[in-house]
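If you use the working numbering, the sequence shown corresponds to residues 267 to 515, in order. Right, one structure below, let's go through it.
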Amino acid sequence: MQRIGLIIVGDEILSGKRADKHLSKVIEILSARGMRLHWAHYVGDDRAAITELLRRTFSADDVVFSCGGIGATPDDHTRQAAAAALGLPLVRHPEAVAAIEARFGAEAYPNRVLMAEFPEGATIVPNTVNNVAAFSIRDHHFFPGFPQMAWPMLDWVLETHYPDLRREPDVERAMLVRDAGESQLLALMNENVLRFPRVQLFSLPSFVADGSRRLELGVRGPRAEVERAFEHLRAGVAASGFPFEPIEP
């Protein structure tokens with residue numbers, strides 16, 4: 267399966283003026299299809315920085331979703347950065363222009379129509395909210411920063427371009443281990459990872475007010491292998507003598 271990445275653009279996120287909602291929602295949308303997010307980047311409204319980031323991602327084989335910065339105001343740089351990263355000109359996409367004209371009529375000019383300028387060769391992503399299309403090029407898909415527009419566009423792209431990436435959703439099994447530190451169970455964890463390479467192990471330590479330790483230890487992945495991997499962990503923790511209890515899914 268291709269790796270999937272997310273780019274979130276905007277000074278308002280990095281300054282704290284607005285809280286990001288995209289990361290958790292994208293993870294949710296992908297998880298419902300048995301897919302996962304492999305990486306995410308936040309970047310401000312800096313054309314050079316966005317261009318450099320996109321040069322790196324275009325050179326890889328990842329599917330990339332980008333939210334933010336595709337408007338026509340001076341602080342929007344994503345369309346221009348995508349074109350620069352690919353060494354392509356910005357051109358007006360006729361379908362995007364027609365959609366803007368249909369929505370705004372004469373008010374499409376001179377400014378709104380600028381949002382129909384995409385890197386040459388791009389295809390459009392329909393916008394059911396206001397008819398101002400987003401765009402896709404080379405497994406990169408660029409959406410507005412507005413969640414009510416971006417998330418339906420992500421659904422549309424996944425259904426239209428990547429139906430073959432859908433899998434049965436992963437399952438998770440975990441236990442709460444008491445009085446144990448990660449180092450005391452490290453050999454068991456390493457053995458689990460070697461035995462079950464298609465399963466992702468996770469270990470989340472925490473301390474409580476009385477000074478005791480808690481460790482959430484579990485595995486995530488395909489159902490059949492998760493059950494086997496979790497039983498291996500359960501047996502190993504039981505043999506170690508640490509008290510534990512399963513965490514219900």
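Even for Gly, the Cβ is constructed at its ideal location relative to N, Cα and C.
query                                                                                                          : result
Check whether residue 275 and residue 329 have beta carbons under 8 Å apart                                    : no
Inter-residue spacing [alpha-carbon to alpha-carbon] between residue 336 and residue 469                       : 39 Å
Check whether residue 344 and residue 353 have beta carbons under 8 Å apart                                    : no
Beta strand (DSSP E) segment containing residue 391, residue limits                                            : 389-391
Cβ neighbour criterion (16 or more within 10 Å) applied to residue 460                                         : exposed
Span of the beta strand (DSSP E) around residue 444                                                            : 437-444
Coarse secondary structure for residue 480, derived from DSSP in three states                                  : strand
Residue 352 - containing alpha helix (DSSP H), residue span                                                    : 344-352
Residue 446 versus 504, 404, 462, residue with shortest Cα-Cα distance                                         : 504
Meets three-Cβ-pair contact criterion under 8 Å: the region 486-504 and the region 432-442                     : yes
Buried versus exposed call for residue 449 [16 or more other C-beta atoms within 10 Å across all chains shown] : exposed
Beta-carbon proximity check, residue 304 vs residue 270, cutoff 8 Å                                            : yes
Per DSSP, cross-strand counterpart(s) of residue 358                                                           : 383
Residue 491, enclosing alpha helix (DSSP H) - first and last residue                                           : 489-506
Three-state secondary structure (DSSP) of residue 302                                                          : coil
Nearest to residue 432 (by Cα), restricted to the options 297, 291, 316                                        : 297
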